[in-house]
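Q: The structure under discussion is supplied below as structure tokens; questions concerning it will follow.
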Amino acid sequence: MAGERVIEEMTHEFKVGEVLKGEVVRIADFGAFVRLNHFTDGMVHISEMVPFRVERVSDIIKDGMIVPVKIIKVDREQGKISLSIKEADPGFFRKP
């Protein structure tokens with residue numbers, strides 16, 4: 001059963017528009033990296049986190065947080081997935 005789950009995660013093809021939950025695994029000045037499964041991370045640019053302006057990513061998001069994300073772009077050639085929290089759940093973060 002566990003082996004089937006690993007194979008499913010390895011072969012899962014992420015699609016634009018898909019909404020998932022993921023864990024924040026790294027914070028950068030420009031955004032945050034979110035783990036989608038054991039094999040795949042995506043990136044949420046700071047402009048895709050909240051529908052209001054923030055100065056620093058670390059003001060609103062922390063490592064280890066579980067966040068809703070919507071896949072907004074899949075670049076299979078570069079192996080990159082762009083994500084949006086504000087499109088997945090616009091009210092997830094509240095304006096300070």
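Per the UniProt record's numbering, the very first residue in the sequence shown carries number 1; after that it's consecutive. No residue lacks a Cβ here, since even glycine has one placed at the ideal position from N, Cα and C. Computed from a predicted structure; not experimentally measured.
#1: In its own chain, which residues sit with a C-beta less than 6 Å from the C-beta of P90, not counting the 5 before and 5 after it?
#2: Quick check for students: name the residue ranges of the beta strand (DSSP E) that lie wholly in the UniProt domain "S1 motif" (17-86), counting only runs of 3 or more.
#3: Could you pull out every residue in the same chain whose Cβ sits closer than 6 Å to the Cβ of K73, ignoring the five residues on either side in sequence?
#4: Strictly under 9 Å for the Cβ-Cβ distance: is I27 near chain B by that measure?
#5: Measuring CA to CA, which of R76, R94, V57, K21 is closest to H38?
#6: For the putative contact between V34 and V67, defined by C-beta atoms under 8 Å, what is the C-beta separation to the nearest angstrom?
#7: Look at the alpha carbon of I60 and the alpha carbon of F92, and state the distance between them as a whole number of angstroms.
#8: For E69, is the classification buried or exposed, using 16 other Cβ atoms within 10 angstroms of its Cβ as the cut-off for buried?
#9: CB-CB under 8 Å to M65, same chain, minus the five flanking residues each way: which ones, in chain order?
#10: What does the Cβ neighbour count give for S84, buried or exposed, with the cut at 16 atoms within 10 Å?
A: Taking the structure as given:
#1: Position 90 of the sequence shown, counted from the first residue, corresponds to residue 90. Excluding positions up to five away in sequence, the list reads P51.
#2: 19-28, 31-37, 40-45, 66-75, 80-84, all fully within the UniProt domain "S1 motif" (17-86).
#3: Counting from 1 along the sequence shown, the entry for residue 73 is found at position 73. Counting only residues of its own chain and dropping the five nearest sequence neighbours on each side, K73 has a CB closer than 6 Å to the CB of S82.
#4: Protein chain content of the structure displayed is limited to a single chain, and chain B is not contained in it.
#5: Within the sequence shown, residue 38 is the residue found at index 38, counting from 1. It is K21 whose Cα lies nearest to the Cα of H38.
#6: Position 34 of the sequence shown, counted from the start, is the residue given in the question as residue 34. Position 67 of the sequence shown, counted from the start, is the residue given in the question as residue 67. So it is a contact: roughly 6 Å between Cβ atoms.
#7: Locating residue 60 in the sequence shown gives position 60, counting from the first residue. Locating residue 92 in the sequence shown gives position 92, counting from the first residue. Their backbone Cα atoms lie some 10 Å apart in a straight line.
#8: Residue mapping note: residue 69 aligns to position 69 of the sequence shown, counting from 1. The residue asked about is misnamed: residue 69 is Val in this sequence, not Glu. Classification for V69: buried.
#9: As a position in the sequence shown, residue 65 is number 65, starting the count at 1. Excluding positions up to five away in sequence, the list reads E23, V24.
#10: Reading the sequence shown from its first residue, position 84 is the one you call residue 84. Buried, since its Cβ has 16 or more Cβ neighbours within 10 Å.
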